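Worksheet: the structure to be examined is printed underneath.
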Amino acid sequence: QKEVEQNSGPLSVPEGAIASLNCTYSDRGSQSFFWYRQYSGKSPELIMFIYSNGDKEDGRFTAQLNKASQYVSLLIRDSQPSDSATYLCAVKGSGNTGNQFYFGTGTSLTVIP
Amino acid sequence: DVKVTQSSRYLVKRTGEKVFLECVQDMDHENMFWYRQDPGLGLRLIYFSYDVKMKEKGDIPEGYSVSREKKERFSLILESASTNQTSMYLCASRVPRDRGNYGYTFGSGTRLTVV
Chain A
1 QKEVEQNSGP LSVPEGAIAS LNCTYSDRGS QSFFWYRQYS GKSPELIMFI YSNGDKEDGR
61 FTAQLNKASQ YVSLLIRDSQ PSDSATYLCA VKGSGNTGNQ FYFGTGTSLT VIP
Chain B
1001 DVKVTQSSRY LVKRTGEKVF LECVQDMDHE NMFWYRQDPG LGLRLIYFSY DVKMKEKGDI
1061 PEGYSVSREK KERFSLILES ASTNQTSMYL CASRVPRDRG NYGYTFGSGT RLTVV
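Those protein sequence lines, which keep their order, are chains A and B. Under the numbering used here, think of the first position of the first sequence as 1, with each following residue one higher. Under the numbering used here, think of the first position of the second sequence as 1001, with each following residue one higher.
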């Protein structure tokens, strides 16, 4: 069983602050990593993917990957109340499980106006 | 944009009923997946399919079966619904691994209640 661990939170940050979400994974062969946002009662939507070590920026979102430490994170700058949601980390499997994604249980983020 | 459509948003069924959950995608994706999502347990893979008439068990296939007669449609079947199958069911599709690292696209989900 591939493990993906996230701090369930809840994480609360004031509006305008940086929110930092973390994820660790067990499969050393994994090469692709995804962050999904899920609003209450809705399905997950893809916001970022990363497969190279280092940082990847897209607007207010930055994904960070460290394969040696098996660690991936998501930073949300200038947090807005509309960012309040659960954030799911997903790791694409390797080898025979290369078409499957393994999900963490999610971190609940609340941005306080 | 890829669209993944699940036929029902909410369903209420009785214990012992046979339940069909339908999922259709419109982007010719080979890979399709069924997950259930429960509080504190996250997303758990039930079944997936790489191609028409092909299916593979995921992590929790017991009590479920699937059907993929056409590429665009992947059906989840609860053979005899039980109360512990009350959950949010999510269908997803994606391109296969040799065509990039694109993530899943999820349907809007079906919240199933078994009474």
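Glycine included, C-beta positions come from ideal geometry on N, C-alpha and C. Note that the structure is a prediction, hence the values are computed from the model and not measured.
Asked, Found
"Taking only beta-carbon positions, decide if PHE1074/B is within less than 8 Å of chain A.", "no"
"Helix, strand or coil: which one does DSSP assign to GLY1042/B?", "strand"
"Along chain B, in chain order, which residues have C-beta atoms closer than 7 Å to that of PHE103/A?", "GLY1042, LEU1043"
"From GLU57/A to LEU1112/B, what does the alpha carbon distance come to, in whole angstroms?", "38 Å"
"Which bits of chain A does SER1108/B rub up against, with CB to CB less than 7 Å?", "SER43"
"CB-CB under 8 Å to ALA90/A, same chain, minus the five flanking residues each way: which ones, in chain order?", "VAL4, PHE33, PHE34, TRP35, TYR36, PHE101, TYR102, PHE103, GLY104"
"If contact means a Cβ-Cβ distance below 7 Å, which residues of the region 26-37 of chain A contact chain B?", "SER32, PHE34"
"Put ASN1031/B into one of helix, strand or coil per three-state DSSP.", "strand"
"Could you work out which residues of chain B lie near GLY106/A, taking near to mean beta carbons separated by less than 7 Å?", "GLY1042"
"Between which residues of its own chain and ILE1077/B is the CB-CB distance below 8 Å, once the five residues before and five after are set aside?", "LYS1018, VAL1019, PHE1020, LEU1021, TYR1064, SER1065, VAL1066, SER1067"
"By a C-beta neighbour count over all protein chains shown, 10 Å radius and 16 as the cutoff for buried, is ASN1031/B buried or exposed?", "buried"
"Per DSSP, SER115/A is paired with what?", "In the structure as shown, chain A starts at 1 and stops at 113, and residue 115/A therefore has no counterpart that could be examined."
"Between the Cα of VAL111/A and the Cα atoms of PRO10/A, PRO14/A, SER8/A, which residue gives the shortest distance?", "PRO14/A"
"Taking GLY1063/B as the query, report the chain A residues whose CB atoms sit under 7 Å from its CB, ordered along the chain.", "Neighbours of GLY1063/B on chain A: none; closest Cβ ~19 Å, over 7 Å."
"Can you name, in chain order, every residue of its own chain whose Cβ lies under 8 Å from the Cβ of MET48/A, other than the five neighbours on each side?", "PHE34, TRP35, LYS56, ASP58, PHE61, ALA63, LEU74"
"For PRO1039/B and LEU1090/B, what's the separation of their Cα atoms in angstroms?", "14 Å"
"So, are the CB atoms of SER1082/B and HIS1029/B less than 8 Å apart?", "no"
"I'd like the span of the beta strand (DSSP E) that includes THR1113/B, first residue to last.", "1110-1114"
"Between the Cα of VAL1115/B and those of TYR1102/B, ILE1060/B, SER1080/B, GLY1103/B, spot the shortest distance and give me the residue it belongs to.", "SER1080/B"
"One question on the structure: do PHE1106/B and PRO10/A come within less than 8 Å of each other, judged by their Cβ atoms?", "no"
"Using only alpha-carbon positions, find the residue among GLU1062/B, TYR1050/B, ASN1084/B that is nearest to GLY98/A.", "TYR1050/B"
"Suppose you measure from the CA of GLU1056/B to the CA of CYS23/A; what does that come to, to the nearest Å?", "27 Å"
"What is the rounded straight-line gap between the Cα of PHE1048/B and the Cα of LYS1070/B?", "14 Å"
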